[in-house]
Each structure stands twice: as C-alpha cells, then as structure tokens.
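Numbering (UniProt numbering), first residue to last: 1 to 155. Note that beta-carbon positions come from the ideal geometry of N, C-alpha and C, so glycine has one too.
The structure is reproduced here in structure tokens:
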C-alpha cells in the first residue's frame with residue numbers, strides 16, 4: 001500500500017491483514033488451501049525457500065493435512081507477498097524474522113513494528129536517491145556517446 005492510500009478503520013484494526021492491495025486472491029474461487037508446490041508457483045518462491053522460511057520462524061504456523069502435508073491458506077499467501085516486498089527492500093532476514101515475531105506477539109507490538117518498517121523505508125529512500133544519482137550519470141554518458149556517434153557519422 002502506498003502512503004497516500006486510505007486504510008478503512010475496519011481494515012486497520014486487523015493487525016494480521018497483510019494482503020497487498022490490488023493482488024487477486026486465488027482463494028476467491030472458494031478454495032482456501034494450497035500445497036507447498038502450488039504456493040511455490042503462486043508466490044514465485046522455491047519449495048526449499050518456503051520450508052526454510054518455516055524453519056527460521058518467518059512463516060506463521062502452517063496447517064498440515066491428516067497425512068502431514070503442508071496446507072497453506074490465503075492468509076499465508078498474503079503474508080508471503082509481504083515478505084517478498086520486505087525482501088525487495090533489502091531488509092535483513094533477521095529483521096524480517098523479528099517483524100514476524102512481533103506480529104505473532106500481538107497488538108501491543110504495533111509501535112515496534114512501525115519503527116522497524118519506518119527504518120526500512122528510510123533505507124529504501126536512501127537507495128532510491130543513490131539509484132537516481134546513478135541514473136543521471138548513465139543518462140549523461142548515453143547522451144555523450146550519442147552525440148559523439150552523430151559527429152563521427154557526419155565527418
């Protein structure tokens with residue numbers, strides 16, 4: 001969700017609501033359980049990564065079928081979508097695990113979660129500024145080579 005989007009009071013009260021806006025939910029067809037292979041396809045993560053996330057505490061408890069197979073729910077897919085976004089920010093895995101622990105601890109951790117996300121946002125903004133500077137240099141070099149090529153073609 002972007003900073004300018006409004007969160008309804010009902011949605012804001014649901015601390016575990018990690019669904020990114022605009023993403024279709026596979027479970028809207030009435031199905032709310034997926035195998036690890038299906039989740040790998042839906043999330044873009046490998047089966048190995050999903051198991052690792054569970055081992056290190058990054059995934060909440062995943063239900064099991066009577067035969068012991070993992071059964072993921074829509075809420076798990078939403079959580080994985082958030083984790084994927086956190087990965088893209090460059091947030092260290094230890095901080096992602098800490099965030100997951102805070103979510104499991106409950107509402108009294110809102111302030112700490114907010115602080116963790118605010119620091120991540122600060123780091124992302126710094127990286128964006130660095131990339132903008134890099135883009136300016138690249139644009140300058142591309143223009144310079146284009147002008148040099150045009151001059152060479154005329155002579």
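Bounds of any alpha helix (DSSP H) do not take in residue 69, whose DSSP letter is neither H nor E. Counting only the Cα atoms, residue 96 lies some 10 Å from residue 82. By the neighbour-count criterion, in which 16 or more other beta carbons inside 10 Å mark a residue as buried, residue 41 falls on the exposed side. Across the set 37, 130, 100 and 151, the C-alpha of 100 shows the shortest separation from the C-alpha of residue 59.
Assignment of residue 78 by DSSP, reduced to helix, strand and coil, places it in the helix class. When DSSP states are grouped into helix, strand and coil, residue 32 belongs to the coil group. Per the coordinates, the alpha-carbon of residue 84 lies some 51 Å from the alpha-carbon of residue 154. Beyond the five residues adjoining it in sequence on each side, residue 98 comes within less than 8 Å, by CB distance, of 116 in the same chain, given in chain order. In the DSSP assignment, residue 101 falls within the unbroken alpha helix (DSSP H) covering 93-105. Straight-line spacing of the CA atoms in residue 94 and residue 88 works out to 15 Å. The criterion of a C-beta distance shorter than 8 Å is satisfied by residue 35 and residue 69. Looking at the DSSP output, residue 64 bridges to 70. Under the DSSP assignment, residue 117 falls in the alpha helix (DSSP H) whose first and last residues are 110-154. For a cut-off of 8 Å, the C-beta gap from residue 63 to residue 71 is around 5 Å, short enough to register as a contact.
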